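K.L.:
Residue numbers (our numbering), protein chains in the order written: chain A, 1 to 365; chain B, 1001 to 1396; chain C, 2001 to 2339.
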């Protein structure tokens, strides 16, 4: 029996190449320059983080209903909590707020159903969200039917108005955007040029001039006596503007469809509407989802501009609350609150769009 | 199908609807009619409405006396000037804030974008924190924040921060000494031009030598030396033809010097920070788009780190970066119109604001304003398209 | 081709139909809608200001309510459209509002080229300056070089330029969109002086955190007759708005108030009888019911009541009647007789 060679267990790696120290060495202190940057960065993080946490949480006042409740040195969140209802619902009558909540609830359920991957019959839910839901939402919010009391649009405000503007803007501009994009890719020179002019015009001007036009000039363009609501006019402006951006997103989606798909549809003898409706658009729309979500984020932020034409969206209503003599001097709290609300929505959506992009990428390459 | 109908005259009549050419024609005619009909309808309505209500139309108002003051004017302007002049003043203010914003946002954006890709974990995380925070908050809110919350915390004129060297900061703005160029300063400008020409020559001849002989000599230090020494020499020889106008506290506020109003500061800071977040993402994706193989090949050729970046990575990344960067520049220009919310006298604030209100001619004024932005954006995009074509990959 | 031709002609026909814009009849419109659309300010205590629940009060608001009472018989049938100074004229021109009642100064150019008709004066005002007491300035002539906060798109913007030019002084205009922002700018010290109509200065002053630290300078640099206005080209509506205001002034002169109007209905005074519509049938010619003035006074009050309630003795502003007293008391308020 020969001696069986039993290798000794290998030595552990040197202590400076594993664990936290090695990680820090590799990722934080690899070169002198990096070390300096790390130290500066750490200093910034620690001081600013410390200050922020102190201001926003530790030294902050949370409960109460007037400025007398704010006694400590930190943030006065009482300002926000005292007016919270107004920030969310605007001047919507208190007894009717359940309608807004119901609308939000339905919307959340629909969105969840669309976002969760395994939901059955997704296309139907999508169609419901795009076509039926807006009608339900309109009657819930505006009322004047089914025994619901009418709530004039000038009482709408706050986060609710921001959401309404953004959702209407995106839902209504999608079909127009699809038409414009198809027109821009069309072989008919006149149609193509008309679409190009439309798209480039709206993309070239700032939203604020569009809103101003919609708010004060639109009625001059209409039949004398035809009357529209200020909110509706702002929406028209937003939709006209947004459709141009949407058209570019749709065009991007259409361009990503391989030529073979068009040729295959031709080979099957499908006509143009069928080619588009059955073959191209279903595929393109899927590809476009991240782009649509991204334009939605942009639009969501842009809705804050309606404050310049006198609508009370989330930002405007907080801004006007800041002028209340009872609450002077809490502008930072107000702005931080609005920023946080916008940020939550936008950040959530951008993460979702990135997730979609990743998913679609693996499928196609 | 189309061929069939052409060859068979009997089919032509019955199948007219199936003729693709005819259908295309028809659609286009209908589209044109609809569009022009719609425009005609709108114009007609507007004209009748205005006539009925006795609203003055036309561009005659542009020569009328404006009669109101503007806080910041880049050209000579007094209350007795015309409304047309307010248009120019507003336009120049818009151009100023856009121009400064584009430069600052590009610098900050490149810095953050590169930081995002840094091998330093902390820097990369901080950069992405910056991007995620500022990209997702509405610009208007950021402008309000800087103007109403931050700049309002500055002290009144009598307790200004003295920043040294004659610069002061208070709630009325940022006050700097203003250079006054005396006679003979043109010599210095001439010297600067000469120095630039010399540097260009140096770099070019160096490159030629490198191509011919392969010997590479560093040019950075000599170039800098030329750029500084020649103008400095001339400056002293002609007797320092430059003096400073220092701001001084007189009456209510600092007078003299160069003042930057807080509205401009707030707008500029907000535009820069917001747009830089987007530019950083553009830069990151541009650099990431250059495949690793390119860097590896550069290493294999023995290029230094700097050469690899300068000669291999950046030129290729720029190709990807330029188009979205153009878009960001355009966005910044359009976003500068939010100035009206804090009273910075830009085009929208002065012309579509005060002038519109004093004259009441909404249609003319809004269309002129839109026209300006449209022209600016078409100009920028055609300029960038031209550049894009120049740097585009020449496929062989 | 025939198909094309018929399309072309169809398009032309539709264009022609579209172009026959209907003559604007505001009264008919308002009666059909059931409410008056009234342009007011975005918030100015005493003139038009929403409270926390969104209810509007103020002199300008009471004019709107008066018109609603006269036309619809119910002073609450008003839809308030808050407008900033910048958008008010376009809103009126474009028909978004039936009546602009937003502390707006009556000027020649507004009458002549903006397509509007001022229907009277609700408040005789003049432009003044609000200043921090700490600056030690006692007169507007000491304001050379000052930064001045102004609300965009107002006559004050022009007046202040004129004033400083006349006096050979310089100033730095800081222009804001809304009066709220103007006050905030003044309060934060962005400007030394806030300029506006004097009544507004008193109203804005009580919005400050420490009103006692600010004062209004004695100089009045302009005439600012404020009043409601309507679109040109609708004389009937113009008359109704005009006479709503006159009815309120006449009621005060005749001693008719919301408290005693029911009793006054049986008065023997023929002027009161005509005003309240128990005699004469004057309302019908105006296009409203005969007891239109009764409704105004009953639901809104006479001019004196409106003034006291909103800006005068019974309000936080405590502005004295001054120029706005009745002509019989030495003021400028004078209404043509209702007969």
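For each residue, glycine too, the CB sits at the ideal point set by N, CA and C.
If you're wondering where the values come from, they're calculated on a predicted model, not measured in any experiment.
According to DSSP, residue 1167 of chain B sits in a beta bridge with which residue or residues?
P.N.:
DSSP output for residue 1167 of chain B lists B:1164 as bridge partner(s).
K.L.:
Using C-beta distances below 6 Å, list every residue in its chain close to residue 2058 of chain C, excluding the 5 sequence neighbours before and after it, in chain order.
P.N.:
Closer than 6 Å at the Cβ level, and outside the excluded window around residue 2058 of chain C, lie 2046, 2047, 2048, 2049, 2310.
K.L.:
Please return the same chain residues whose Cβ sits closer than 7 Å to the Cβ of residue 1325 of chain B, not counting the five positions on each side in sequence.
P.N.:
Hits under 7 Å: 1279, 1282.
K.L.:
What does the alpha-carbon distance come out to for the pair residue 57 of chain A and residue 74 of chain A?
P.N.:
Near 8 Å, if we compare the C-alpha coordinates of residue 74 of chain A and residue 57 of chain A.
K.L.:
When you compare only the Cα positions, how much space is there between residue 124 of chain A and residue 28 of chain A?
P.N.:
Distance between the alpha carbons of residue 124 of chain A and residue 28 of chain A is about 51 Å.
K.L.:
Note down, in chain order, all residues in the segment 2073-2090 of chain C with a beta-carbon under 8 Å from any beta-carbon belonging to chain A.
P.N.:
So the close ones are 2079, 2080, 2081, 2082, 2083, 2084, 2087, 2090.
K.L.:
At least one CB of chain B closer than 8 Å to the CB of residue 331 of chain A: is that the case?
P.N.:
Yes, residue 331 of chain A counts as interfacial toward chain B.
K.L.:
So, at 7 Å on beta carbons, what are the nonlocal neighbours of residue 7 of chain A in its own chain, with the 5 sequence-adjacent residues on each side left out?
P.N.:
Around residue 7 of chain A: no qualifying Cβ.
K.L.:
Determine the direct distance from the alpha carbon of residue 1105 of chain B to that of residue 41 of chain A, and round the result to whole angstroms.
P.N.:
Between residue 41 of chain A and residue 1105 of chain B, the C-alpha separation is close to 21 Å.
K.L.:
From residue 303 of chain A to residue 266 of chain A, what distance separates their C-alpha atoms?
P.N.:
Distance between the alpha carbons of residue 303 of chain A and residue 266 of chain A is about 42 Å.
K.L.:
With distance defined between alpha-carbon atoms, name the residue in C:2193, C:2099, C:2234 nearest to residue 2142 of chain C.
P.N.:
Of the candidates C:2193, C:2099, C:2234, the one whose C-alpha sits nearest the C-alpha of residue 2142 of chain C is C:2193.
K.L.:
Determine the contact status of residue 216 of chain A and residue 2094 of chain C, defining contact as a CB-CB distance below 8 Å.
P.N.:
Yes, these two residues count as a Cβ contact at 8 Å.
K.L.:
Can you tell me the Cβ-Cβ gap for residue 91 of chain A and residue 157 of chain A, rounded? I've got them flagged as a contact below 8 Å.
P.N.:
Rounded, the Cβ-Cβ distance is 6 Å, consistent with contact.
K.L.:
Can you list, in chain order, the residues of the segment 1235-1268 of chain B whose Cβ is nearer than 9 Å to any Cβ on chain C?
P.N.:
If the cut-off is 9 Å between Cβ atoms, the segment 1235-1268 of chain B has 1250, 1251, 1252, 1253, 1255, 1261, 1262, 1263 near chain C.
K.L.:
Please state whether the Cβ-Cβ distance between residue 1398 of chain B and residue 1194 of chain B is less than 8 Å.
P.N.:
Not covered by the structure: residue 1398 of chain B. The range shown for chain B is 1001 to 1396.
K.L.:
From residue 2019 of chain C to residue 1171 of chain B, what does the alpha carbon distance come to, in whole angstroms?
P.N.:
Only weak support is given to the placement of residue 2019 of chain C: the predicted model assigns it a pLDDT of 35, under 50, and the question is left unresolved by the model.
K.L.:
Which value, in whole angstroms, describes the spacing of the CA atoms of residue 1349 of chain B and residue 213 of chain A?
P.N.:
Between residue 1349 of chain B and residue 213 of chain A, the C-alpha separation is close to 15 Å.
K.L.:
What runs of the alpha helix (DSSP H), each 4 residues or longer, lie entirely inside the segment 2060-2105 of chain C?
P.N.:
Within the segment 2060-2105 of chain C, the complete alpha helix (DSSP H) runs of at least 4 residues are 2088-2093.
K.L.:
Does the separation of the CB atoms of residue 2303 of chain C and residue 2221 of chain C fall below 8 Å?
P.N.:
Going by C-beta atoms, residue 2303 of chain C is not nearer than 8 Å to residue 2221 of chain C.
K.L.:
Between residue 1373 of chain B and chain A, is the shortest Cβ-Cβ distance under 8 Å, so that the two count as touching?
P.N.:
True, the Cβ-Cβ gap to chain A drops below 8 Å.
K.L.:
Are residue 2027 of chain C and residue 2243 of chain C touching if we call contact CB-CB under 8 Å?
P.N.:
Not in contact: residue 2027 of chain C and residue 2243 of chain C (Cβ atoms no closer than 8 Å).
K.L.:
Which one or two residues does DSSP pair with residue 1244 of chain B in a beta bridge?
P.N.:
DSSP, once it has assigned bridges, lists B:1179 as partnering residue 1244 of chain B.
K.L.:
Check whether chain C comes within 8 Å of residue 359 of chain A, counting only Cβ atoms and requiring the distance to be less than that.
P.N.:
Not an interface residue.
K.L.:
What separation, rounded to the nearest whole angstrom, lies between the Cα atoms of residue 1099 of chain B and residue 2112 of chain C?
P.N.:
C-alpha separation (whole angstroms): 41 Å.
K.L.:
On a CA-only basis, which of A:329, A:351, A:252, A:343 is nearest residue 1150 of chain B? Give me that one, please.
P.N.:
Considering only alpha carbons, the answer is A:329.
K.L.:
Would residue 2184 of chain C count as contacting chain B if we go by Cβ distances under 8 Å?
P.N.:
Yes, because at least one Cβ of chain B sits closer than 8 Å to the Cβ of residue 2184 of chain C.
K.L.:
Buried or exposed: residue 1310 of chain B, going by 16 or more other Cβ atoms within 10 Å of its Cβ?
P.N.:
Classification for residue 1310 of chain B: exposed.
K.L.:
Please classify residue 1075 of chain B as buried or exposed, where buried requires at least 16 other C-beta atoms within 10 Å of its C-beta.
P.N.:
Exposed, since its Cβ has fewer than 16 Cβ neighbours within 10 Å.
K.L.:
My understanding is that residue 2171 of chain C touches residue 2152 of chain C, with C-beta atoms under 8 Å, so please give their C-beta distance in whole angstroms.
P.N.:
The Cβ separation is near 16 Å, so there is no contact.
K.L.:
Report, in whole angstroms, the separation of the C-beta atoms of residue 1332 of chain B and residue 1275 of chain B, which I expect to be a contact under 8 Å.
P.N.:
Sure, about 5 Å apart at Cβ, within 8 Å.
K.L.:
If you draw a straight line from the C-alpha of residue 2064 of chain C to the C-alpha of residue 332 of chain A, how long is it?
P.N.:
Distance between the alpha carbons of residue 2064 of chain C and residue 332 of chain A: 37 Å.
K.L.:
Strictly below 9 Å CB to CB, what residues from chain B border residue 206 of chain A?
P.N.:
Under the 9 Å cutoff, chain B gives 1333, 1334, 1335, 1336, 1337, 1338, 1348, 1369, 1370, 1373.
K.L.:
Using the beta-carbon of each residue, which ones in chain C are nearer than 9 Å to residue 1138 of chain B?
P.N.:
Per Cβ cutoff of 9 Å: no residues; residue 1138 of chain B is ~17 Å from chain C at best.
K.L.:
For residue 2252 of chain C, which residues of its own chain have a beta-carbon under 7 Å away from its beta-carbon, when the five flanking residues on both sides are left out?
P.N.:
Correct list, in chain order: 2302, 2303, 2304, 2326.
K.L.:
Going by other Cβ atoms of all chains shown within 10 Å of its Cβ, with 16 needed for buried, is residue 191 of chain A buried or exposed?
P.N.:
The residue in question, residue 191 of chain A, is buried, as its Cβ has 16 or more Cβ neighbours within 10 Å.
K.L.:
Return the first residue and the last residue of the beta strand (DSSP E) that residue 222 of chain A is part of.
P.N.:
Where residue 222 of chain A is concerned, there is no enclosing beta strand (DSSP E), given that its DSSP letter is neither H nor E.
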